[in-house]
Ligand code: UT7
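In the working numbering, the protein residues as written are -4 to 324.
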């Protein structure tokens, strides 16, 4: 019997209207367009403005557009995996909030927090529910309102991040297309280099934590860079080796967009030329869980049935991983 794979059958994304340019950042912190461009590849990022709006408010248009493309109703969704590091609230899960907002009355769901590797973790998790036959329609969403946890006085961190959200639908496929393999890794000792100090159970919010600016993302950029550049490249190469894939056979590398230099190192390690690498970091910056689905949505029209895609990410935790995917439409 042909194995059932979990195939992406629709993709869509949303970014908010407001554009924060390098020029505007120059007026906020001691930085300049040339430094940001050469060190990261970022030119601008989108920011969600508006009182009371959270990550789910970017997911609503992303998912509604996806359902329209696929021609199905929200009631047909069985499971929502919402990959995010900036949930609307500590609880309930943003997956629950989204289900209510879009009318996914028959879905259960949960949030998945693996920082920048969240979408890779989520895709692999969602695929299991399809492969086992448990569900036929699984939504995997990757989105973050990073501006809600960014310190716009910290020039090393604030220049990188932006807001955005993307979503994919997973459905069963018996043509040998879809998620073929994944490698997921973590090393919690890396938490010292990238984390949010307060607001969790170990250090609940207080006047003191707010005064100490401990509710913002803290990153030791150079240390994270060193781990990211080797691990993301290694895991992408490892999944190719394990599946006997040559660089020629890879149609696209879909890398997490944290820094153009990390993306280039990953492509070099895989032996894949720049024409096969999805890069939109210049427009969106690092949207954390949003980067990979934002790429898939942007390149959707260029993807062909049967194309081999390698997705790769690295992020806080540390977490990292890679997914080998065959495009199904
Ligand atoms: O997505 C999740 C995982 N996160 C990542 O993968 C991010 C990984 N890290 C990075 O992308 C980079 O480390 C950064 C973009 C955060 C920083 O780039 P860098 O090349 O590692 O810079 P650096 O921290 O080594 O700083 C170099 C210099 C320093 O000045 P001195 O000490 O050489 O005089 C910094 O103070 O650049 C200075 N600098 C800046 N200058 C202008 C740091 N930030 C800025 C800035 N504008 N925004």
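For each residue, glycine too, the CB sits at the ideal point set by N, CA and C.
Minimum C-alpha distance to residue 25 - residue among 137, 250 and 147: 147
Where are the alpha helix (DSSP H) runs, 4 residues long or more, that stay fully inside the stretch 265 to 300, in chain order? 276 to 279 and 286 to 294
Tell me, to the nearest whole angstrom, how far the beta carbon of residue 114 is from that of residue 250; I am working on the premise that it is less than 8 Å. Not confirmed; about 12 Å, so no contact.
Below 8 Å on the Cβ atoms is my guess for residue 273 versus residue 242; work out the distance and round it to an integer in Å. So it is not a contact: roughly 16 Å between Cβ atoms.
Should the stretch 123 to 131 be called in touch with the stretch 84 to 94, which here means at least 3 C-beta pairs below 8 Å? no
Ordered list of alpha helix (DSSP H) runs contained in the stretch 239 to 266, each at least 4 residues: 255 to 265
Local conformation of residue 77 per DSSP, three classes: strand
Looking at the strands, I want to know which residues DSSP matches up with residue 160. 9 and 138
Tell me which residue opens and which closes the beta strand (DSSP E) that residue 191 is part of. 189 to 191
Bounding residues of the alpha helix (DSSP H) (the contiguous stretch that carries residue 30): 28 to 35
On the three-state DSSP scale, how would you describe residue 84? coil
If you pair each beta-carbon of the stretch 210 to 218 with each one of the stretch 147 to 160, do three or more pairs fall below 8 Å? yes
Residue 167, DSSP secondary structure in three states: strand
Applying the 10 Å Cβ sphere with the 16-neighbour rule, what's the burial state of residue 9? buried
Hey, how far is the Cα of residue 98 from the Cα of residue 117? 22 Å
Start-to-end residues for the alpha helix (DSSP H) that takes in residue 208: Premise fails: residue 208 is in no alpha helix (DSSP H) and is neither H nor E.
Suppose the cutoff is 8 Å on Cβ atoms and the five residues either side in sequence are ignored; what does the same chain contact list for residue 14 look like? 39, 40, 41 and 42
With a threshold of 8 Å, are at least 3 pairs of Cβ atoms found where one atom belongs to the stretch 16 to 25 and the other to the stretch 132 to 140? no
Cα-Cα separation, residue 5 to residue 322: 10 Å
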